[in-house]
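Going by the UniProt record's numbering, the first residue of the sequence shown is number 1, and it counts up by one from there.
We treat Cβ as the ideally placed atom computed from N, Cα and C, and that holds for glycine.
The structure appears right after this line, and notes come after that.
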Amino acid sequence: MAKLVSNRHQTGGALHITELISSASVKAASIVLCLLLIIIQYAHTGKYDYDLVVIGGGSGGLACSKEAAQLGQKVAVLDYVEPSVKGTKWGLGGTCVNVGCIPKKLMHQAALLGTAVKDAKKYGWQISGPICHDWATMAEAIQNHVRSLNWGHRVQLQDKKVKYLNVKGSLVDKHTVKGLSKAGKEMILTAKNIVIATGGRPNYPTNIPGAVEHGITSDDIFWLKKSPGKTLVVGASYVALECAGFLTGIGLDTTVMVRSIALRGFDQQMAGLVTDYMDAYGTKFAWMCVPKRVDKLSSGALQVTWTDTHTGNEHKDTYDSVLWAVGRAPETKALGLDKLGVQLRKETGKIVVGADESTSVPNIYAFGDIGEGRPELTPTAIKAGKFLARRLAGHSTELMNYDNVYHAFYKPLEFSVAERDASQCYLKVICERGGDQKILGLHFTGPNAGEVTQGFAMGFQCGATYSHLLQTVGIHPTCAEELIKVSITKRSGLDATVTGC
């Protein structure tokens, strides 16, 4: 008769068979197999370590975990930052806090302050001496602020009794997560539900010689101790233009290399206004150009060779820094998704999710930047994470509404989807042509674009129409009031220039 010693223990809910002694009897072996199947089948019927395990400590993952804990769930968050190619690393909070929205907005503000100082003379301020910018001072202030936010997130998790684990998480099965520490120590956790919110990281064009060895990305620019100096920004996404904008704004020689068009996916009329303004502001553009290689010279400078795709000619120039802003990739490769059968979109590597953020495997959910077809925006991830936590806790059935999500990006003259020269400012409201002319969206290029459009976004979410705009009394004098005065249709061909109040 077979003897089965099943040192089965629920540490992390994992099943360990440490000794199996059986006779050669086929019948006994069959009994052993049946017992094993029964043990596996019921391995997770007992108590889980957690109600919810969240892999990813970015804005969305933190919002989800804190909301779940507030609703009485036992929650753990696994977060680990793989250093960038250049060795840059940061604390809890994800892309937005550490290498995205927050430091970007602060550097944008630094650029605006420089402009304000120059303009101050026209308003009677006596500015003595030359105006210059010190990168190290700015960087230290911004980095210290980011670290304070990292600490704040740690405190919030502790206050809400969310277990924080600085380990790299991967999936074992639909209820089990393996954590791997920096020192190589493994741990196993079980949970009723698992949420993946690992976000994404910048791409490197690995097909270009020298790109990885000598280039940096948005993962590095905000943590540089020294000024990047003369900089080539490769790419024309909003990340590329934001970085180029604040680098130009603080006085650095900056060039943007564009393969085809700028701000793909954005309204191209507005995109043209943005790049025209940036060009006038001092940012250089190399249109229809593709980099071929990056070489480091004996002087330490970086020589970039590129091809003009319009003429076919090859060009070279030297820079102090080359910043790649050529897209982002989801952080899904190390999660073990393929072993569990979690469906991915082959073209993007993102997780296919349902309206309720569910994946193809029960009890495993995903949202944020790694969700296929989802906006890569912090507020969207935060709200989706909170809604998901409420549903998993049984407190709500409400789904995230991904329609009418507005977005702003920051350059010397802000542009919002949702300065000094009025001809550079432009706005338009997109309406249905018939019926009550429901508003479908708006575009705004001008000072404080993000602040201006936030309130309108709520109105549009509630079904605002063009007549609602016209019935609204403006706050004067503001840039926002121009939105409630729009009266010229584009197809009329009339001049929409505002000449007075």
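Please return the same chain residues whose Cβ sits closer than 8 Å to the Cβ of residue i, not counting the five positions on each side in sequence.
{"i": "Gly200", "result": "Thr95, Arg328, Ala329, Pro330, Glu331, Asp369, Ile370 and Glu376"}
{"i": "Thr489", "result": "none"}
{"i": "Thr465", "result": "Cys431, Asp436, Gln437, Lys438 and Ile439"}
{"i": "Ala24", "result": "Because Ala24 sits at a pLDDT of 45, beneath the cut-off of 50, its placement in the model cannot be relied upon, and the point is left open."}
{"i": "Glu242", "result": "Lys104, His108, Phe409, Tyr410 and Lys411"}
Using only alpha-carbon positions, find the residue among the options that is nearest to residue i.
{"i": "Val452", "options": "Tyr466, Thr472 and Thr478", "result": "Thr478"}
{"i": "Ser59", "options": "Leu113, Trp135 and Gln156", "result": "Gln156"}
{"i": "Thr217", "options": "Ser227, Val274 and Asn203", "result": "Asn203"}
{"i": "Gly341", "options": "Thr248, Val172 and Tyr319", "result": "Val172"}
{"i": "Val177", "options": "Lys168, Leu189, Val167 and Ala183", "result": "Leu189"}
{"i": "Val405", "options": "Thr380, Gln424 and Gly385", "result": "Thr380"}
{"i": "Tyr281", "options": "Leu297, Pro103, Ile439 and Gly251", "result": "Gly251"}
{"i": "Gly114", "options": "Ile102, Gly91 and Met138", "result": "Met138"}
{"i": "Ala236", "options": "Phe222, Arg259, Thr497 and Ser227", "result": "Arg259"}
{"i": "Val75", "options": "Glu82, Tyr48, Val81 and Met257", "result": "Tyr48"}
{"i": "Asn144", "options": "Trp223, Ala110 and Cys132", "result": "Trp223"}
{"i": "Ile131", "options": "Ser492, Ala120 and Glu140", "result": "Ala120"}
{"i": "Val274", "options": "Ala240, Leu297, Tyr365 and Cys462", "result": "Ala240"}
{"i": "Leu297", "options": "Asp320, Ala384, Asp403 and Asp134", "result": "Asp320"}
{"i": "Met135", "options": "Val290, Lys226, Lys182 and Ala366", "result": "The sequence given here places Trp at residue 135; Met does not occur at that position. Cα-wise, what sits closest to Trp135 is Lys226."}
{"i": "Glu213", "options": "Ala334, Asn313, Glu242 and Val322", "result": "Val322"}
{"i": "Val117", "options": "Ile475, Gly249, Ala408 and Ala262", "result": "Gly249"}
{"i": "Leu92", "options": "Val54, Gln126, Phe460 and His153", "result": "His153"}
{"i": "Phe266", "options": "Glu82, Gly500, Thr445 and Gln454", "result": "Thr445"}
Given residue i, which residues of its chain have a CB within under 6 Å of its CB, disregarding the five upstream and five downstream residues?
{"i": "Gln73", "result": "Asp51, Leu52 and Ala393"}
{"i": "Gly210", "result": "Arg293, Val294 and Asp295"}
{"i": "Met187", "result": "Gly179"}
{"i": "Ser84", "result": "Asp219 and Asp220"}
{"i": "Ala301", "result": "Thr318"}
{"i": "Leu469", "result": "Ile484"}
{"i": "Leu106", "result": "Ile142"}
{"i": "Leu37", "result": "Confidence in Leu37 is poor, its pLDDT being 42 and thus under 50, which makes the residue's placement too unreliable to answer from."}
{"i": "His108", "result": "Phe246 and Tyr410"}
{"i": "Thr472", "result": "Ile484"}
Kindly list the residues whose CB is nearer than 7 Å to the CB of residue i, restricted to its own chain and excluding five residues on each side of it in sequence; keep chain order.
{"i": "Arg391", "result": "Asp356 and Thr397"}
{"i": "Leu399", "result": "Ala355, Asp356 and Phe387"}
{"i": "Ala496", "result": "Ile488"}
{"i": "Lys160", "result": "Lys66, Ala69 and Gln70"}
{"i": "Cys34", "result": "Confidence is the limiting factor: at Cys34 the pLDDT is only 48, short of 50, which leaves the residue's position unreliable and the question unanswerable from this model."}
{"i": "Lys86", "result": "Ile216 and Asp220"}
{"i": "Ser358", "result": "Tyr365"}
{"i": "Asp421", "result": "Residue placement at Asp421 is flagged as unreliable, the pLDDT there being 47, under the threshold of 50; a coordinate-derived value is accordingly withheld."}
According to DSSP, residue i sits in a beta bridge with which residue or residues?
{"i": "Lys168", "result": "Leu180"}
{"i": "Thr465", "result": "Lys438"}
{"i": "Asp173", "result": "Thr176"}
{"i": "Ser358", "result": "Tyr365"}
{"i": "Phe456", "result": "For Phe456, which the question treats as bridged, DSSP gives no partner whatsoever."}
Let me know if residue i comes out buried or exposed under the rule of 16 or more other beta-carbons within 10 Å of its beta-carbon.
{"i": "Trp324", "result": "buried"}
{"i": "Val162", "result": "buried"}
{"i": "Asp279", "result": "exposed"}
{"i": "Ser299", "result": "exposed"}
{"i": "Trp151", "result": "exposed"}
{"i": "Arg345", "result": "exposed"}
{"i": "Asp79", "result": "buried"}
{"i": "Arg491", "result": "exposed"}
{"i": "Met270", "result": "buried"}
{"i": "Trp90", "result": "buried"}
{"i": "Met458", "result": "exposed"}
{"i": "Arg374", "result": "buried"}
Between residue i and the ligand GDP, is the CB less than 8 Å from at least one heavy atom?
{"i": "Asp436", "result": "Annotation note on the ligand GDP: not contained in the displayed structure, which lists no ligands."}
Problem - Minimum length 4: unbroken alpha helix (DSSP H) runs contained in the stretch 102-162 - result: Look at the stretch 102-162 and you find these whole runs of alpha helix (DSSP H), each 4 residues long or longer: 135-159.
Exercise for the section: Entirely within the stretch 245-318 and at least 3 residues each: give me those beta strand (DSSP E) ranges in chain order. Expected result: Listed in chain order, the complete beta strand (DSSP E) runs (minimum 3 residues) inside the stretch 245-318 are 254-258, 284-287, 289-296 and 302-308.
Handout entry: Entirely enclosed beta strand (DSSP E) segments - the stretch 197-250, minimum 3 residues
Key = The stretch 197-250 contains these whole beta strand (DSSP E) runs: 200-202 and 231-234.
Problem - Any beta strand (DSSP E) of 3 or more consecutive residues that is wholly inside the stretch 69-104 - result: Runs found: 75-78.
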